[in-house]
Amino acid sequence: MMLLYYALSFILLPIYFIIILIRLLIGKEDIRRIQERFAIGKSRQDYSLDFLHNEANKEEFKGDTERRTAAYTSVREDSSTGSTYKLPLEASYARSLIWIHAASVGESMAALTLIYNISKRYPDVRFLVTSWTNSSAKILTAKLPKIAVHQFLPIDNIIFTRKFLRNWQPNLGIFIESELWPCTINEGARQCKLLLVNARISDKSFKAWLKRKSFFQLILKNFSKIIAQSERDLQKFNELGVSNAVNLGNIKFANEKLPVNQEELSKLSLHLENRRVVVFASTHPEDEEVILPIIKNLKEQFLDCYVILIPRHPERVKSIIDNCKSHNLSATTKSQNDLPVLSDDLYIVDRFGEMGLFFSVATISLIGGSFKQGGHNILEAAYFSNCIIFGPDMSKNTDIAKGVLQNEAAIQIKNGEDLLTKLTYLLRSNNSLELKAYRENALKFVEDNQKILDEYLKVITKFL
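So that you can map any letter, position 115 of the sequence shown is 115 in the numbering used here, and since no number is skipped, the others follow by simple counting.
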């Protein structure tokens, strides 16, 4: 079965090229890094030399020859330039290079959490992080520490996969959640031990996997350990014949609190003083179909209410503005104005990495992707003590949704009418105590679940 997949990956190679070209034309690929899809780019050695070059030119060494000399232990040559560098102990080839694959934005945040915490215990370990989407690449490039580097995952073809693995030679591979590329995983397991962490299988995928059980067993057997994110997911893996899986809970509970620029927060808080802010976060077109029709009604009822919309994919901003106009809504983007225009109906955040800033000023947050996409991370807003609302479809985060509802830390709504009813109820002044309780319960829920990270690290570090 795997040989058949390998053969198909060759036969379909022209189609892969066409898909990449289409993605490039519609802005879903970075033309400056397109070669990474074909495993053309930096290698483990290049990464070490880049790290070395940065260390060698540290400001702290300038003018201090004795300290600079003492910092180096050996000499390396950069084959591309012919120049040589004395190698700092810290920058020498790491004992281990951990390869972490994070498909998209949510998994990328979990990857960052793992990197920060593994590096605390093993400071000489370095990290290679791969992802598939442009949005995740932008976040990772901005947030990765200097001990980590990002690359786009190559096309799932034996030629590109083997070249990628030869270039990087990872000592351990960690795949997050559910993106399983057969060739990448099969070849990766020949290079190093692989772990599947925070693993989940949606109900829809599970039905498909059962129909091709023998094929998915071939893929899953490549993992030395599978850590499921819920008891239900563990049962699904067991039904697929996996015997080395455990349930440790959802690692997203342990994600770091989103960063906030304090200077910008001070300006924004002052600007929105005496306003009650409702944030619609990580929205998709399906969410906006529900959200936009109710905004006029909401603002007419509550003059002190201000709406902020943060699309999951900021490149959609033009279509969102057009949609706002069709609903007779005035809107400004963050690219146009650093601060919201208070006379507008809503403010659209079309930049990456600023979710924490707007959660900081929010009273209520609706988490997008929860009408048709299975829902996004509820917990990011919970860290900021927001009153959290989400839609009917939380199939990708079932256990988290169940947990927050049981602890009265969030509210689930059915449709746009239900959303307007709940927002109206919460914003009425005589319900302020109930609103406060939801906010406090959300923060308590994430704080009570922080221990999950320690359990993950106990398992992962056994393979280092």
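All C-beta atoms, glycine included, are put in the ideal place defined by N, C-alpha and C.
F17 at chain C interface by Cβ criterion, 8 Å | Here chain C cannot be found, since the structure has a single protein chain.
Segment limits, beta strand (DSSP E) that includes T283 | 276-283
Span of the alpha helix (DSSP H) holding G416?
-> 416-427
To which residues of the same chain is G82 closer than 7 Å at the C-beta, ignoring the five residues directly before and after it?
-> Unreliable placement is indicated for G82, whose pLDDT of 46 sits below 50; no coordinate value is reported for it.
Tell me where the alpha helix (DSSP H) around K318 begins and ends.
-> 317-326
Is it right to say M1 is buried, meaning 16 or more other beta carbons lie within 10 angstroms of its own, or is it exposed?
-> exposed
According to DSSP, what are the bridge partners of C183?
-> Answer is none; C183 lacks a bridge partner.
In terms of DSSP beta bridges, what is C387 paired with?
-> I364
Under the three-state DSSP convention, the category W497 falls into | Examination of residue 497 is not possible in this model, given that the chain is present from 1 through 464 alone.
Under 8 Å, do I367 and I378 count as touching if we go by C-beta distance?
-> yes
Three-state secondary structure assigned by DSSP to H271 | helix
Measure from the alpha carbon of I452 to the alpha carbon of each residue in A228, Y347, A362, then state which is nearest.
-> A228
Are the segment 368-376 and the segment 286-293 touching, with three or more C-beta to C-beta distances below 8 Å?
-> yes
What residue range is occupied by the uninterrupted alpha helix (DSSP H) comprising V242?
-> First-last for V242: undefined, no H or E at that position.
R126 bridges to which residues according to DSSP?
-> L97
Measure the CB-CB distance between E177 and A199 and report whether it falls below 8 Å.
-> In this structure, E177 places its C-beta atom within 8 Å of the C-beta atom of A199.
Taking A410 as the reference, give the member of K146, G391, S330, S136 with the closest Cα.
-> G391
Which residue's Cα is closest to the Cα of Q373: M355, D393, E354?
-> D393
Should L196 be labelled buried (16 or more other beta-carbon atoms within 10 Å of its own) or exposed?
-> Per the 10 Å Cβ criterion, buried.
Counting only the same chain and skipping the five closest in sequence on each side, list residues whose C-beta sits under 6 Å from that of E408.
-> N441
What three-state label does DSSP hand I19 in the structure shown?
-> Helix at I19.
Length of the line joining the Cα atoms of A39 and F164 | 5 Å
Candidates E354, K207, V260, P314: closest to T133 by CA position = P314
Which residue from W168, L270, E447 puts its Cα closest to that of S43?
-> W168
Cβ-Cβ distance between E239 and T113 below 8 Å = It is not a contact, given that the beta carbons lie outside the stated cut-off.
Residue range of the alpha helix (DSSP H) that K436 falls in?
-> 432-448
Span separating the alpha-carbon of P311 from that of L153 = Between the C-alpha atoms of P311 and L153 there is a straight-line separation of about 24 Å.
Report, in whole angstroms, the separation of the C-beta atoms of T161 and C192, which I expect to be a contact under 8 Å.
-> In fact, because the Cβ distance is near 13 Å, the residues do not count as touching under 8 Å.
Going along the chain, which residues of its own chain have a beta-carbon closer than 6 Å to the beta-carbon of D454, five neighbours each way excluded?
-> none
Inter-residue Cα distance where the pair is I348 and Q336 | 10 Å
Please state if the CB of L258 and the CB of G106 are separated by a distance shorter than 8 Å.
-> no
Report yes if the CB atom of N157 is closer than 8 Å to the CB atom of Y16, and no otherwise.
-> yes
Considering only C-alpha positions, which residue in the set D399, I413, I388 is nearest to E434?
-> I388
State buried or exposed for S214, treating a residue as buried only when at least 16 other CB atoms are found within 10 Å of its CB.
-> exposed
Give me the Cα-Cα distance between F61 and D46, rounded to the nearest whole angstrom.
-> Confidence in F61 is poor, its pLDDT being 41 and thus under 50, which makes the residue's placement too unreliable to answer from.
Cross-strand partners of L194 (DSSP beta bridge) = As a beta-bridge residue in DSSP terms, L194 pairs with G173, F223.
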